[in-house]
Amino acid sequence: MSERNLLIMGAAGAGKGTQVEFLVEKYGIPQISTGDMLREAVASGSELGQRVQGIMQRGELVSDEVVIQLVEARLGRPDCLPGFILDGFPRTAGQARALDALLDRLGREPLRAIWLHVPDSELLRRILSRGQGRSDDTEEGVARRLEVYRKETAPLLDYYAGVLAEVDGIGSIDEIRGRIEQALAQP
Ligand code: AMP
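Residue numbers for the sequence shown follow our numbering, so the first one is 23 and each next one is one higher.
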């Protein structure tokens with residue numbers, strides 16, 4: 023396998039952001055974060071941004087159609103040819119199926135998925151202690167994001183079972199980084 027087509031899963035507060043930064047640097051692949059793309063749309067005040075702002079604020083999911091379109095446009099760009107790391111997408115079964123179809127159409131190599139696993143009680147503690155860094159980091163917003171994650175996104179762990187590496191997300195940043203590297207070094 024010469025492409026590095028990665029997917030990182032983990033609930034809000036699992037510590038994906040930090041680890042994604044390191045994967046971007048180590049492998050020279052771009053991060054594709056639908057959350058970042060949507061936040062940019064909101065900040066720019068575009069029509070899309072205005073449409074999704076309230077949904078994001080409440081911790082609900084934006085429609086599959088919208089995020090699939092964003093990912094499709096992004097994955098078609100040449101910097102994704104050596105590989106990419108999907109972060110926060112897919113979040114529903116429909117998105118996962120659309121992604122498979124897209125990768126197939128683009129003739130891309132199979133994905134590898136990393137699941138950064140952190141128990142719920144620890145997730146809540148981490149998010150609430152990081153304060154109001156993001157406008158959707160209110161107690162209700164966070165609770166709703168975790169609920170939506172459990173209902174819509176956690177089932178994808180089964181969908182990706184064959185290509186998934188579970189990584190224990192409790193520990194220091196370096197420890198977790200080491201675990202991810204080890205998981206990706208397995209054939
Ligand atoms: P994130 O930064 O990944 O936590 O995303 C922030 C918010 O953007 C989420 O709570 C959703 O409202 C929206 N969002 C991001 N990615 C997706 C996705 N793949 N599907 C639906 N909504 C998304």
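Just so you know, even glycine gets a beta-carbon here, dropped at the ideal spot from N, CA and C.
In this structure, DSSP gives V189 an extended state, which the three-state scheme calls strand.
Beta-carbon to beta-carbon, L83 and R113 are separated by about 6 Å, close enough to satisfy the 8 Å threshold. A residue is called buried when at least 16 other Cβ atoms come within 10 angstroms of its Cβ; G98 does not meet this threshold and is exposed. With contact defined as three or more Cβ pairs closer than 8 Å, the segment 131-145 and the segment 174-192 are in contact. For the pair of segments examined, the segment 37-47 was found to touch the segment 138-146: the number of CB pairs separated by less than 8 Å reaches three. At least 8 Å separates the beta-carbon of L28 from that of L103. Looking at the DSSP output, F44 sits in no beta bridge, so it has no partner there. In this structure, L121 has its CB at a distance of at least 7 Å from all heavy atoms of ligand 1. Note that the segment 40-47 touches the segment 188-208; at least 3 beta-carbon pairs, one per stretch, sit closer than 8 Å. Apart from the 5 residues on each side of it in sequence, D101 sits with its Cβ closer than 7 Å to the Cβ of P52 in its chain, given in chain order. Using a cutoff of 7 Å, the CB of E82 counts as near ligand 1, since one of the ligand's heavy atoms is closer than that. Residue environment: D158 is assigned as buried (16 or more neighbouring CB atoms within 10 Å of its CB, all protein chains considered).
Boundaries around D196 are those of the alpha helix (DSSP H), 195-207, since no beta strand (DSSP E) includes it.
S68 carries a coil assignment under DSSP once its states are collapsed to helix, strand and coil. The beta-carbon separation of V189 and I198, rounded to 7 Å, stays under the 8 Å limit for a contact.
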